[in-house]
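Chains as they are written, first to last, in the numbering used here: chain Z, 117 to 253; chain P, 117 to 253; chain C, 117 to 253; chain F, 117 to 253. We put the beta carbon where it would ideally sit given N, CA and C, even for glycine. As the structure is a computational prediction, the values presented were derived from the model and not from experiment. Working notes, structure below.
There are 4 protein chains.
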Amino acid sequence: MEIASELKIDVRYYETDKMGIVHHSNYVRYYETGRSQLLKDIGYPFHLLETNENVMMAVVSVESKYRMPAKYGDVLRVVSKINKVPQAKMVVESEIYNEDNVLINFGKVVLGFIDATTRRPIRCPESLSKLIESLMK
Amino acid sequence: MEIASELKIDVRYYETDKMGIVHHSNYVRYYETGRSQLLKDIGYPFHLLETNENVMMAVVSVESKYRMPAKYGDVLRVVSKINKVPQAKMVVESEIYNEDNVLINFGKVVLGFIDATTRRPIRCPESLSKLIESLMK
Amino acid sequence: MEIASELKIDVRYYETDKMGIVHHSNYVRYYETGRSQLLKDIGYPFHLLETNENVMMAVVSVESKYRMPAKYGDVLRVVSKINKVPQAKMVVESEIYNEDNVLINFGKVVLGFIDATTRRPIRCPESLSKLIESLMK
Amino acid sequence: MEIASELKIDVRYYETDKMGIVHHSNYVRYYETGRSQLLKDIGYPFHLLETNENVMMAVVSVESKYRMPAKYGDVLRVVSKINKVPQAKMVVESEIYNEDNVLINFGKVVLGFIDATTRRPIRCPESLSKLIESLMK
């Protein structure tokens with residue numbers, strides 16, 4: 117079982133570089149934007165984590181594979197997935213497709229949880245892990 | 117009298133766009149980077165304002181004039197100037213020159229001061245206005 | 117008469133800064149994104165200008181007024197307007213509203229036209245100015 | 117043997133996010149900025165590749181590990197390394213240290229070479245691979 121969410125992203129002009137394609141750093145931002153939507157879709161937007169639990173998410177690692185370029189004007193489809201109930205860490209995978217439905221980029225982001233006051237690592241708050249667990253069934 | 121500060125900025129690849137030149141939005145970031153250096157140079161870096169006075173600076177308006185493009189690899193010279201002792205507002209002007217010493221961009225940024233706790237507008241803290249006044253003499 | 121276009125923009129996490137609000141440089145990018153939508157809406161997307169007419173648009177000046185901050189999670193409404201048939205220059209104004217319908221930011225961008233090969237300034241291609249003229253009636 | 121290059125990067129205000137730290141996407145940009153410096157240091161800046169060989173570099177994959185956050189005002193030291201003579205691909209590793217000389221981030225970027233005209237993958241131009249080989253001895 118997995119949780120998945122889709123988001124359409126219009127490539128913006130300022131995201132291109134002098135090669136005429138989307139600069140590679142922007143995919144890391146697309147992952148975040150998709151991840152943000154995923155959490156919104158399951159009813160647990162980022163800011164609730166901070167407001168309700170005093171918890172922030174910190175990026176631990178990013179892996180990104182580039183298969184094909186994207187261009188200004190492209191409408192990309194970002195599919196964000198969680199495959200495992202988060203405990204110490206949460207893993208979100210992102211598949212980015214172009215309008216021909218070709219997978220052009222793949223990302224895997226590992227996130228940790230930190231206490232917003234002490235800035236020390238903690239486990240995933242139960243309110244979030246239980247929710248994800250219930251949705252995976 | 118005026119206070120001025122110079123900063124060299126190497127154009128970074130990701131700052132270019134598909135026209136092959138620095139995307140226009142980055143100049144607003146160059147102004148900020150130069151302004152940050154100006155305050156550091158006079159011994160009053162941004163973060164002191166927040167730490168010592170609980171004050172933040174908020175941008176009120178930006179004017180930007182683009183005369184010539186910049187390219188990846190260019191080393192720009194950003195000259196930031198304050199011409200008037202700040203009271204309710206602080207005005208910083210930025211002149212950006214290329215390696216041929218041609219003025220390629222001009223910016224004018226008006227900043228306000230806000231109480232970091234209440235987020236309400238206040239006057240420029242005396243510690244900063246007095247410092248600028250003394251340097252202008 | 118004027119031409120207007122609306123675009124909803126979800127504030128992205130990476131667009132915030134340490135003050136907890138959208139960094140001021142991003143509004144210049146919102147103007148562009150809205151402008152891009154305006155041209156798409158009237159049936160003349162940016163890339164056609166380049167493909168059909170070998171013409172690029174270059175930013176000549178930007179004015180930006182900041183009235184209220186935006187935060188992560190906000191859905192902004194960007195209204196882009198052209199009030200005059202472009203000749204040597206094209207002026208696009210942007211009004212940005214928050215969800216309470218409060219005008220939080222105002223922008224005015226002046227664009228010039230350049231021959232994509234010679235990179236020299238030219239007048240607005242007739243295909244675009246005539247279209248705008250007809251839509252304004 | 118390896119080739120290494122160092123670059124100091126001042127964290128810029130706009131690179132921070134609402135957590136008060138450098139947004140994770142910027143490290144990918146720091147890698148590029150360091151890589152750009154590395155190639156400049158060995159006498160083969162990016163743009164020569166394009167001008168002399170009609171070759172562009174495309175990012176194939178990025179791996180990024182985040183150990184500690186960076187803040188506005190930090191001066192980071194980016195160490196970029198090539199450990200192997202590039203053939204089909206070039207691998208550049210980046211170590212980012214803070215002012216306490218603590219490794220706060222590690223990146224590994226794999227780059228491919230493409231013909232700038234056909235946009236098809238090619239091997240590393242000999243002018244570059246021979247240069248790197250000679251420097252590694």
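- Its Cα nearest to that of residue 184 of chain C, the residue C:215 stands out among C:122, C:215, C:152.
- Under the Cβ distance rule, residue 145 of chain C counts among the residues neighbouring chain P, one pair being separated by less than 8 Å.
- A residue is called buried when at least 16 other Cβ atoms come within 10 angstroms of its Cβ; residue 153 of chain Z meets this threshold and is buried.
- Taking 8 Å as the Cβ-Cβ cut-off, the segment 173 to 189 of chain Z approaches chain F at 174, 175, 176, 177, 178, 179, 180, 181, 182, 185, given in chain order.
- The beta-carbon separation of residue 204 of chain Z and residue 239 of chain Z, rounded to 6 Å, stays under the 8 Å limit for a contact.
- Restricting attention to Z:142, Z:202, Z:188, Z:137, the CA atom closest to the CA of residue 252 of chain Z is found in Z:202.
- For residue 173 of chain F, the three-state secondary structure derived from DSSP is strand.
- Excluding the 5 residues flanking it on each side, residue 180 of chain F has same chain C-beta neighbours closer than 6 Å at 143, 223, in chain order.
- Between the segment 186 to 194 of chain C and the segment 118 to 132 of chain C there are three or more C-beta pairs closer than 8 Å, enough to call the two in contact.
- About 4 Å separates the beta carbon of residue 134 of chain F from that of residue 132 of chain C, a gap short enough to meet the 8 Å contact definition.
- With contacts defined by Cβ atoms closer than 8 Å, residue 220 of chain F and residue 119 of chain F do not form a contacting pair.
- In terms of beta-carbon proximity, residue 140 of chain F stays away from the interface with chain P, with every pair separated by 8 Å or more.
- Taken through DSSP and simplified to helix, strand or coil, residue 188 of chain Z comes out as coil.
- By the neighbour-count criterion, in which 16 or more other beta carbons inside 10 Å mark a residue as buried, residue 145 of chain Z falls on the buried side.
- Legend: CB atoms of the segment 189 to 218 of chain P lying less than 7 Å from CB atoms of chain F belong to residues 189.
- Apart from the 5 residues on each side of it in sequence, residue 169 of chain F sits with its Cβ closer than 6 Å to the Cβ of 241 in its chain, given in chain order.
- Taking the CA atoms as reference points, residue 165 of chain C sits about 43 Å from residue 229 of chain P.
- Comparing C-alpha distances from residue 243 of chain F to each of F:167, F:186, F:141 shows the shortest one belongs to F:167.
- Burial is judged here by how many other beta carbons sit within 10 angstroms of a residue's own beta carbon; residue 218 of chain P has fewer than 16 and is exposed.
- Contacts between residue 160 of chain F and chain P, judged by CB atoms closer than 7 Å, are missing: the closest CB pair is about 13 Å apart.
- Residue state for residue 131 of chain F is assigned as helix, using DSSP reduced to three classes.
- Apart from sequence neighbours up to five positions away, the residues of its chain that approach residue 200 of chain C with a beta-carbon distance below 7 Å are 207, ordered along the chain.
- Following the DSSP letters along the chain, one finds residue 211 of chain F inside the beta strand (DSSP E) bounded by residues 205 to 213.
- Boundaries for residue 122 of chain Z: no alpha helix (DSSP H) harbours it, while the beta strand (DSSP E) harbouring it runs 119 to 126, taken from the DSSP string.
- Cβ-Cβ separation between residue 188 of chain C and residue 147 of chain C: approximately 20 Å, too far for a contact (criterion under 8 Å).
- Within a 10 Å sphere around the beta-carbon of residue 210 of chain F sit 16 or more other beta-carbons, which makes this residue buried.
- Put simply, the backbone Cα of residue 117 of chain Z is about 29 Å away from that of residue 182 of chain F.
- In the displayed model, residue 221 of chain F falls within a strand according to three-state DSSP.
- It is roughly 47 Å from the alpha-carbon of residue 162 of chain Z to the alpha-carbon of residue 236 of chain C.
- For the options C:140, C:198, C:178, the alpha carbon positioned closest to that of residue 155 of chain C is the one of C:198.
- Secondary-structure assignment with DSSP links residue 201 of chain Z through no beta bridge to anything.
- For the segment 125 to 138 of chain F, the set of residues with a beta-carbon nearer than 9 Å to any beta-carbon of chain C comprises 129, 130, 131, 132, 133, 134, 135, 136, 137, in chain order.
- Note that the C-beta distance between residue 178 of chain F and residue 140 of chain Z is below 8 Å.
- Assignment of residue 230 of chain C by DSSP, reduced to helix, strand and coil, places it in the strand class.
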